[in-house]
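Residue numbering for the sequence shown follows my numbering, starting at 200 and increasing by one per position. Quick notes on the structure that follows.
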Amino acid sequence: MLRRRLNRLCGGDENRVDSRTIYVGHRPCPDTEAFIPSKFCDNRIVSSKYTVWNFLPKNLFEQFRRIANFYFLIIFLVQVIVDTPTSPVTSGLPLFFVITVTAIKQGYEDCLRHKADNEVNKYLVTVLEDGRSVKKESEKIKVGDVVEVVEDETFPCDLILLESSREDGTCFVTTASLDGESNHKTHYTVQDTEKDLQALTATIECEQPQPDLYKFVGRMHIYKAEQEPAVRSLGPENLLLKGATLKNTKKIYGVAVYTGMETKMALNYQGKSQKRSAVEKSINAFLLVYLCILISKAVVCTTLKYVWQSKEGQDEPWYNQKTQKEKDTNMYLKMFTDFLSFMVLFNFIIPVSMYVTVEMQKFLGSFFITWDKDFFDSEIQEGALVNTSDLNEELGQVEYVFTDKTGTLTQNNMEFIECCIDGFQYKHRDTHSEVDGFTMTDGPMNKLHQKAGQEKEELFLRALCLCHTVQVKEAGSEEVLADQVDGIDGMLPQLEEERGFIASSPDEIALVKGAMKYGFTFLGLESKSMKIKNRENNIEEYKLLHVLNFDPVRRRMSVIVQTKSGETLLFCKGADSSIFPRVKPEEVDRIRMHVERNAMEGYRTLCVAFKQLSAEEYAMADTGLREARLALQDREEKLIAVYNQVEKGMSLIGATAVEDRLQEEAAETMEALQGAGMKVWVLTGDKMETAKSTCYACRLFQRGTELLELTVRTLEDERLKREEKLYELLQEYHRKAVQDAPPVKAGVTRSWSTANQDYGFIIDGATLSLVMNPQLEADASQYKSLFLQICQNCTAVLCCRMAPLQKAQIVKMVKNSKGSPITLSIGDGANDVSMILEAHVGIGIKGKEGRQAVRNSDYAIPKLKHLKKLLLAHGHLYYVRIAHLVQYFFYKNLCFILPQFLYQFFCGCSQQPLYDAAYLTMYNICFTSMPILAYSLLEQHIDIAILLDNAALYREIANNAMLRWRPFLYWTVLGIFQGLLFFFGVRFLFSNPALQENGQVFGNWSYGTIVFTVLVFTVTLKLAMDTRHWTWINHFVIWGSLAFYVFFSFFWGGIIWPFLKQQRLYFVFANMLSSVSAWLVIIILILLSLLPEILLVVLRKPRGPHSRQKKPSQSNVGGNQSSQSSARPLLMRTFSDESNPVI
């Protein structure tokens, strides 16, 4: 009972019912017994993660969920609790630095989210209260408020349109921020509402909030004095969504139905799942190896300590007697604390600072993509955008590219090319010698030089002018006329009234403009009256009765109009697969040839049909549509049933062909990606013939490519059931493409295997559903396995007639296949969002279908052609840089800790540190961190121009080649060799008892300082040898780090610090450098340590196309190459024996 009351108070009670009731303007209705306003959420939008109060605990909790951070926290606590040989500062300070830097970064990002939220929540909007317009902050809007919105403003919440400044009661909106569609959509006011909204008494009954942008079901009860309440249906055409923008309409009024986090925009907001790169997985694997090494070292030292102490006199020497407390301590507890002490002593082998360096490298490195001038597009005045910097190196590991067609491979810029009327082709030419602007180029073989009758022509053109949702926008007097209408009867073109068109699809505008070319001009829609001007310049008026909206399932749209003479006509246009079954079969044959030929040429085709409705048919359709639109339950299904009933028995008039041209350099880009060893799959909702033609134009399919087709057409077989035929074809294609195909070397693509037969695979959405979800579940895995193996052995794959969810299913299937290949999805529309989110790397194109894909992507580029440089240059370099960073970090820490481990054999495993605490703390933070960070940001081992010219170079780093176990073993062996050399080289020096002029000997801190000096200089000079691209920044950080080490050592040992209990390094460094022997040993050990690398460079010849000298160019940060840079490939130091460069 208490729970129910609390829910009612908090507005939670509404979740148990299917609908909500809203009082317009908060005015009670006459027939309600009591006016109890419902509790709904406020209009605040919250996208931030933290508040001032929970930031610290929440952020710390999240950071210590990372295994590495938690490990170092445990080490720090052990140092605090247990008597360890090193100060807690040595691990506490680096951990504090890492946690602080990460917290600042995350706090800053959340501050930006708070700022964005405040901009939205504090935005002033106009609300009608008691007949007055009142300015309110957006967050204070309540459900039921009547809100005023003016042109170019965004809607502050989800509104039902009550009144518009346009005479026809419509308004235009763009929903680019919601569904990615930048075209204008038309919305309608609720019929029979009062002009004076203050006098309007009404309630709205509608569904509870749900995320589908295209669905809304509700009804409005309008109460008038001494009259029965009028009930009007509400649908998506009445709902104005938060985030959409009002266009071409001066002002509207709407009532708030969903607010705040219940708006459709908020319900569609989903945090992107955390994507992890292959490099992160490699780091974790390497960490486990080093953790095992660390534990092994601690176990060995603990064991040896107790073995040594078991000898008589060693456990308690005369100069170090045990206290009573130490004697009473449990032996096993003492062994455990000793083990922990050794863990603390050697814990620096696991680099805590590597995580911060990697984070900084990714964050700062992403700016080079944003700053790249080659990505700037002058048309939209924008460059590339990085939404996720965590995946930079993944751009260099892509194996599969999934691309959309429309707007990605093509421009999404529609142009009317030709039409076919009653089996005759009409192709427009820009000439005035023709009688009516029509020309005949072909047709049925026996009627080549004839043309369709004038009546059919005019009916077809009227259909193009009437069957659409295009609106006319009058242009200003200063605007230049964009379109011209052809003259009639040989006259010169006459200027039409200046106007522009607004539509929800560029196809519709192209068709209306196509009709204009042939003399029929759409003049606009006013008060449900559509006006067109025919060839004789006469105005024709049609009353618009109903619009049967387009949807992706029906793949067609219709309008029902009434002529002045009272005839009722239905005009329908849609995909051939949707129209042909609904018209007479004998009419289909005349049109099908043209549709298929146009599709083969790469044009987008639509078929046009019409039907004359009798009075009985229209009355039945009108009643059915009105009843269906008033339904609150299953409205969509009821509407589709009525649509299907009306749209049958139609007459086919003709078909249209619209061209969508290829993107700039689309073919070159696809060719480069395939040359780099990537498999390209085209996933599109378009028809097969059109998509196939685009694939040929993009060079994904070549003339010699054998196409393996798995579509509804190929599954038609009278002998076999569909699934049996599917299995038979899969078996046949598998035998052809997989079993009988000769083995191909990994990464070798078409250009290098011309002797073999190339295969291309084509599948459509319906067949894919059969493959993914067969009737017998036992067949599912077998079908998927065969399908995947066939696709993986084809040079290119085309998936047509795909729904957005199917695109994501394809990506997920490949992503989870054997070997877990790295996938990349690229698209420009809202229908591509699912596959962009599913892939390892998602790329959005800033195209004409809005910015939904861009916002959900990891990277955004203006044009498809920019993908080539993004992957082949930036991706290649990012991967090499971060791979070298990771290997180098483990290597330098192994060099650092190995002498410390060896030292225990010479001090009775007493946990005596070799290095001073200051050196332990500063090694990773100050002395060696900046050079590798600069390297990982600026290194260019191969010139960018060479990387772009030789796509095959991309294959050398494929499959995470630089972070495999073999290069890891090389770096580990190098670290062990140098660590042994440092320790025993200095020990050899100390075998000479007199190291100074006065005959004094060096102590243990001098020993450690000499080892540390050799260590810092060696690992820094090793990085200098690896550097191919020198900038002033590299010089500054490399030589500056060495100078800082020398300065710090003098400074730290030259002053007596009052806060130190023991001044271990007092004048040790200065004293050490006074010895010529020490100088000699330091120089010799550095040279001996680097000798293997020097010999490797001298003796091994560089291989592959990247061994050529770099092109000289100006040197700048992160940009062009230095002319002095060597061309020796970086890769040969790590995996040259594995790589197979193509000469």
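We put the CB at the ideal spot given by N, CA and C, even for glycine. Computed from a predicted structure; not experimentally measured.
DSSP-derived helix/strand/coil call for residue i
i	result
Met1001	coil
Arg219	strand
Ile579	coil
His1039	coil
Trp880	strand
His383	strand
Lys1388	Residue 1388 is absent from the structure shown; the chain starts at 200 and stops at 1342.
Gln670	strand
Arg755	strand
Phe700	strand
Phe637	Low per-residue confidence applies at Phe637: pLDDT is 43, beneath 50, and the placement is therefore not dependable enough to give any value.
Asn748	strand
Asn1033	Just to set this straight, residue 1033 is Ser in the shown sequence, not Asn. Looking at Ser1033 - three-state DSSP - the assignment turns out to be helix.
Ala1157	helix
Lys783	coil
Leu1139	Inspection of the sequence shows that residue 1139 is occupied by Gln rather than by Leu. Residue state, collapsed to three classes: coil.
Arg860	strand
Beta-carbon proximity of residue i to residue j, cut-off 8 Å
i	j	result
Asn358	Gly417	Strictly speaking, residue 358 in this sequence is Leu, with Asn absent from that position. Result no, Cβ atoms of Leu358 and Gly417 do not sit closer than 8 Å.
Tyr802	Glu858	yes
Glu1138	Thr1226	yes
Val937	Ile989	yes
Arg661	Ile731	yes
Gln991	Asp957	no
Thr966	Leu909	yes
Met460	Ile244	yes
Ile568	Val585	yes
Val1013	Pro1003	no
Pro428	Leu466	no
Thr373	Ala443	yes
Gly874	Leu907	no
Ser540	Val288	no
Residue i to residue j span [Cα, whole Å]
i	j	result
Asn1055	Met869	23 Å
Ile1124	Gln262	19 Å
Tyr599	Ser1248	52 Å
Ile451	Met464	20 Å
Ser968	Gly1043	26 Å
Ser565	Ala1242	30 Å
Lys772	Arg755	6 Å
Val1215	Thr301	27 Å
Phe535	Val498	10 Å
Ile403	Gly224	11 Å
Glu657	Lys1011	49 Å
Thr1230	Leu323	51 Å
Gln1313	Arg1080	With a pLDDT of 37 at Gln1313, under the threshold of 50, the predicted position of this residue should be treated as unreliable, though the coordinate-derived value follows. Taking the straight line from one Cα to the other gives about 21 Å.
Met799	Glu347	50 Å
Glu436	Thr353	17 Å
Met729	Glu614	24 Å
Lys924	Lys1064	40 Å
Rounded distance between the beta-carbons of residue j and residue i, thought under 8 Å
i	j	result
Thr556	Ile1131	7 Å
Gln761	Leu724	Between Leu724 and Gln761 the Cβ distance is about 14 Å, and since that is not below 8 Å, they are no contact.
Ile852	Val787	That belief does not hold up - the Cβ atoms of Ile852 and Val787 are roughly 12 Å apart, past 8 Å.
Leu1070	Leu594	6 Å
Cβ neighbour criterion (16 or more within 10 Å) applied to residue i
i	result
Val1213	buried
Gly718	buried
Asn1149	buried
Met1224	exposed
Gln1099	buried
Tyr625	buried
Met1034	buried
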